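Chains as they are written, first to last, in this note's numbering: chain A, 643 to 842; chain B, 643 to 842.
Think of the CB as a built atom: it goes at the ideal place given N, C-alpha and C, for glycine as much as any other residue.
Since the model is a prediction, treat every value here as computed from it, not as a measurement.
Beneath this line is the structure, given in structure tokens, with notes to follow.
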DNA sequence: CCCGACATACCGACTGGTTAGTCTGCCCCT
DNA sequence: AGGGGCAGACTAACCAGTCGGTATGTCGGG
């Protein structure tokens, strides 16, 4: 048993998942470019043969991380946006939710915002498109509130959304699990800042 | 005259500056790891000998970009924070100013937030330390306003600052020079959002 | 006024090491 | 007995950094 691996990425997990879990961690720690395929397979306790048996390329591994993250967040946003609570509450919930899920998957988020441009051009395009869909759904909430007068229209909805997601990206830079605030507390604060900025 | 280069990075600029300008552009376009020293020297119209005559390593080139950016922004923040305008106005000016200078040096900013972790450990530490100094100066403004009651204390100053700088980081992802808003307009909007979020 | 000594600026071939991805084949399960 | 799951050696392409060499310039002394 060489080079200790973290908790659940050990021997009992099926090889494909194990590879993905290890790759996620290493990409987050060292970055995509600086992580060699050799390092990944060693940490997963297999060889290159296994990796290329399940994945077409190193790039595929990265893409999987994105697909997983995008699926999760889009799903959760849709659920919130489709509810029939007042728009104020829907936005607050959505804004806080994306913060919590980002913190809970901080490795994925780190990779997302730091290594996105290292995807192959076509996969990059695809990820951008899905990202935009998410973004637009969120913006629709802001616009709805602005039209109905619940939110101030002083700032274009686009900018408001970019403002908020900027802080979400930024989370992986400063949030520490051993810090004083729980994910939920951070989320509540950030959602609160957004809603306060939007007060008429 | 091979491979057209952009405007001012051409033959009349002294070699060291030219190398730095070209490297900045390429790092922003393709990322640090994916830009080879060979590509840099070719685009600058010199050879490796020249590059290693002026710079100790590829890493040095990256560090220069950071040093330039940090110097500029710290200088501007200090000037604003030291003025004797009301804290509300000082914060608004500082918040808008960092947005404008970030947009005006979008390549540098892109590199900053995407390639920082590719610096050698000691240079990385140094950059982080200077960055923290900047951050703290900014936070002091928020805290001052909170103590004097001009700003709401609902959110810890730390979080407020991270919220705002998140959006600044994010700028290089979405801001386009050919978009509808001028840098100053974006800056005013973002500063406004910050100040509005801080209303008591 | 010229000559040699030394320096600065740069060239470009080379090296040692690393990398993603391939291929052949073994092993085990069905 | 046949195929999925994997091992591990191999290859071809790079890459950062080095090094000996050259061209141009500068300066002091005879």
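- Annotation for residue 732 of chain A: 722, 723, 725 and 783 place their beta carbon closer than 7 Å to its own, counting only its chain and skipping 5 residues before and after.
- Taking 9 Å as the upper bound on Cβ-Cβ separation, chain A lies near residues 794, 796, 797, 798, 800, 801, 802, 804, 805, 806, 807, 808 and 809 of the region 784 to 809 of chain B.
- Residue 760 of chain B has a beta carbon lying within less than 8 Å of a beta carbon in chain A.
- With a cut-off of 8 Å on Cβ pairs, the region 678 to 692 of chain A is not in contact with the region 743 to 752 of chain A, counting fewer than three such pairs.
- Judged by DSSP secondary structure, residue 754 of chain A falls within the alpha helix (DSSP H) whose first and last residues are 748 to 757.
- A direct Cα-to-Cα measurement between residue 742 of chain A and residue 829 of chain A gives close to 6 Å.
- Here residue 664 of chain A is near residue 685 of chain A, since their CB atoms are less than 8 Å apart.
- Counting C-beta pairs with one atom in each stretch, the region 754 to 765 of chain B and the region 696 to 706 of chain B have three or more that are closer than 8 Å, which means they touch.
- Residue 695 of chain A counts as exposed, since fewer than 16 other beta carbons sit within 10 angstroms of its beta carbon.
- Approximately 7 Å separates the beta-carbon atoms of residue 673 of chain B and residue 757 of chain B; this is inside 8 Å, confirming the contact.
- Excluding the 5 residues flanking it on each side, residue 799 of chain B has same chain C-beta neighbours closer than 6 Å at 781, 784 and 785, in chain order.
- For residue 832 of chain A, a Cβ of chain B is located within less than 8 Å of the residue's own Cβ.
- Residue B/823 holds the alpha-carbon nearest to the alpha-carbon of residue 801 of chain A among B/803, B/823 and B/842.
- The DSSP-derived three-state label of residue 665 of chain B is helix.
- Assigned with DSSP and collapsed to three states, residue 825 of chain B falls in helix.
- Around residue 817 of chain A, the same chain offers 745, 748 and 828 as residues with beta carbons nearer than 7 Å, after the five sequence neighbours per side are excluded.
- In the DSSP assignment, residue 800 of chain B falls within the unbroken alpha helix (DSSP H) covering 799 to 816.
- In this structure, residue 831 of chain B lies near residue 797 of chain A, with their beta-carbon atoms less than 8 Å apart.
- Not a single CB atom of chain A sits nearer than 8 Å to the CB of residue 695 of chain B.
- Residue 701 of chain A has a beta carbon lying at 8 Å or more from every beta carbon in chain B.
- For residue 751 of chain B, there are no neighbours in chain A by C-beta distance under 7 Å, as the nearest C-beta there is about 12 Å away.
- Within 10 angstroms of the beta-carbon of residue 821 of chain A lie fewer than 16 other beta-carbons, which makes it exposed.
- Taking a Cβ-Cβ threshold of 8 Å, the residues of chain B close to residue 839 of chain A are 835, 836, 838 and 839, in chain order.
- When the alpha-carbon of residue 753 of chain A is set against those of A/842, A/669, A/655 and A/662, the nearest one is in A/669.
- Look at residue 683 of chain A here: in three-state DSSP terms it is helix.
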